[in-house]
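Counted from 1, the sequence shown has number 93 at position 93 by the numbering used here; the numbering is strictly sequential.
Have a look at the structure below before the remarks.
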Amino acid sequence: MEEISNYIQQHKDRFVNELVTLLKIPSISADSAHSQDVIETAEAVEKSLKDAGCDHTEICETKGYPVVYGEKIIDAKLPTILVYGHYDVQPPDPLSLWNSPPFEPVIKTTDLHPDGAIFARGACDDKGQMFMHVKALEFMVKNNALPCNVKFMIEGEEEVGSDSLADFLAEHKEKLDNDIILISDTGMMANDVPSITTGLRGLSYVEVEVVGPNRDLHSGIYGGAVPNPINILSKMIASLHDENNHITIPGFYDKVEELSTAERAHMAEAPFSLEAYKNALAIGDVYGESGYTTPERYSIRPTLDVNGIWGGYTGEGAKTVIASKANAKISMRLVPHQDPDEITELFARHFEAIAPEGVKVTVTPHHGGLPYVTPTDSIGYQAAAKAYETTFGKTPIPERTGGSIPIVALFEEVLGSKTILMGFGLDSDAIHSPNEHFGVWNFLKGIETIPYFYKYYTEFSTQ
Ligand code: BES
Ligand code: MN
Ligand code: MN
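In structure tokens form, the structure reads like this:
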């Protein structure tokens, strides 16, 4: 298998160029103006799977954007790995904060990426990480090194909640049948501190509207005497955390899994620098729930955050007005045993209960997702750990992350399989933000590590 590093050396420029071509298509699933681009990206991904050596590929229609499927079955008796990823990307705005256009990829070096990083929307999340698997397959097929069966399922609606995927899984259970699911859509601690993601948070996402008077009013004539929806919404939101930054929604913590002292002590052994964390974000101090460390706050604790808030006059200059309504979008990140539907219900009941008489409150649920935790004593985890040991020369650290990939819990429920999360991005790669990038080193390291997972997983399952 030493051939993998030779193969990468020989072909790395082409690998990067092919990824750059894919990154040029603005596959923004949230923006219907780009629906043609999303579909064009699906076609490009299908072609890349065919070129990499899949025996069968297809574009599977769903009620939303298509799922790209590909497979290479070498022997029904051998294990089957199902690779999941997504070809859609987040909207790039605000455009003015990008140093180069989001869909015109450029390679520049940074402090953390001395070998260069590809700057483009989707470079890391998830086109770049998904494409590592395509190139790893290419290597294995061309070098007769594919040890087991492989299936690919690359979707186009992850960034908008994977709405069509539940039906897709139910309809294609047999086609998707597998022994283990492999995903690269998370990160690792640092280039010299490999880690494997063992947990994802769940999500409940709601939109709220507070309506007061039947029209916008003169803030002098009426001000002080009527309910101002923006003042009231701000007050309601502020009351959702107490002075210890605990969430005040009754029942919110009822099912939260509390980690044992031993588990928390184990977590605290992972390298983490509070100073570096604050410096990277230019914040004077961190902020969060008392009684928990920063890594705990962003991984094993649930949250409630306003993601957007609007209402009233926000144009140039001053307009004296009391708006008739105010709105906000709120996300709650959930931890094991919290159920997104239940949490949404608790939120709605509480938010309606704390609204003063003079306003009407509406809570509209958006997408949600269950949290996920994967065991480290499985052969899947052990194979992944040995793959990192081989290519990084270090044992990876198991790490629960704060982000969400709601489909992972559904995979377990519908297909009955566990997922291994081998992410090669860094938190500083600015996914979802302006100037998203992915280290060229990380991209190539991923391509190098993935075939070892195939090798060890096959060895461990056939022992
Ligand atoms: N790849 C991310 C999730 C992620 C990133 C997990 C880094 C862990 C570390 C994924 O594309 C994403 O953005 N998920 C959304 C949820 C989805 C329902 C829109 C998220 O976490 O906000
Ligand atoms: Mn992603
Ligand atoms: Mn994302």
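All C-beta atoms in this analysis are idealised placements derived from N, C-alpha and C, irrespective of residue type, glycine included.
Check the DSSP bridge columns for residue i and list the partner residues they point to.
i, result
"W310", "N327"
"L82", "K151, I181"
"R264", "Beta-bridge pairing links R264 to no other residue."
"E71", "H56, K151"
"F392", "In DSSP, F392 forms no bridge with anything."
"T419", "I181"
"S204", "M332, G368"
"A190", "V193"
"G425", "G187"
"I247", "H241"
"L217", "I322"
"K108", "A117"
"D305", "S331"
"K455", "None; K455 has no bridge partner."
Measure the C-alpha to C-alpha separation of residue i and residue j and round it to an integer number of angstroms.
i, j, result
"G284", "K278", "7 angstroms"
"D126", "M132", "10 angstroms"
"K12", "N143", "16 angstroms"
"A318", "Y298", "38 angstroms"
"K151", "N228", "55 angstroms"
"N245", "I330", "16 angstroms"
"S204", "E2", "45 angstroms"
"M130", "V306", "30 angstroms"
"N429", "F272", "It is worth fixing the name first, because residue 429 is Asp in this sequence and not Asn. About 17 angstroms."
"A120", "M189", "21 angstroms"
"F411", "G312", "43 angstroms"
"P250", "S100", "46 angstroms"
"I181", "S417", "7 angstroms"
"G439", "A123", "9 angstroms"
"M332", "L304", "4 angstroms"
"I247", "M236", "12 angstroms"
"T462", "T374", "21 angstroms"
"S219", "V208", "23 angstroms"
"G223", "A348", "29 angstroms"
Is the beta carbon of residue i within less than 7 angstroms of some heavy atom of ligand 2?
i, result
"E352", "no"
Write down the C-beta distance between residue i and residue j rounded to the nearest angstrom, noting that I regard them as a contact closer than 8 angstroms.
i, j, result
"T80", "L421", "Not quite, the Cβ-Cβ distance comes to about 18 angstroms (not below 8 angstroms), so this is no contact."
"I514", "N149", "In the structure as shown, the chain begins at 1 and stops at 463. Residue 514 is therefore absent and cannot be evaluated."
"P295", "M267", "6 angstroms"
Would you say the beta carbon of residue i comes nearer than 7 angstroms to a heavy atom of ligand 3?
i, result
"I431", "yes"
"Q129", "no"
"Q382", "no"
"Q463", "no"
"Q10", "no"
"Q90", "yes"
Is residue i near ligand 1, in the sense that its beta carbon is under 7 angstroms from a heavy atom of that ligand?
i, result
"L203", "yes"
"T419", "no"
"P336", "no"
"T401", "yes"
"G439", "no"
"P105", "no"
"L19", "no"
"H367", "yes"
"S404", "yes"
"G187", "yes"
"L304", "no"
"L415", "no"
"G199", "no"
"G156", "no"
**Asked** For ligand 2, which residues count as neighbours when the test is a C-beta closer than 6 angstroms to any heavy atom?
**Response** Spelled out in chain order, the answer is H86, D125, D126, E158, D185.
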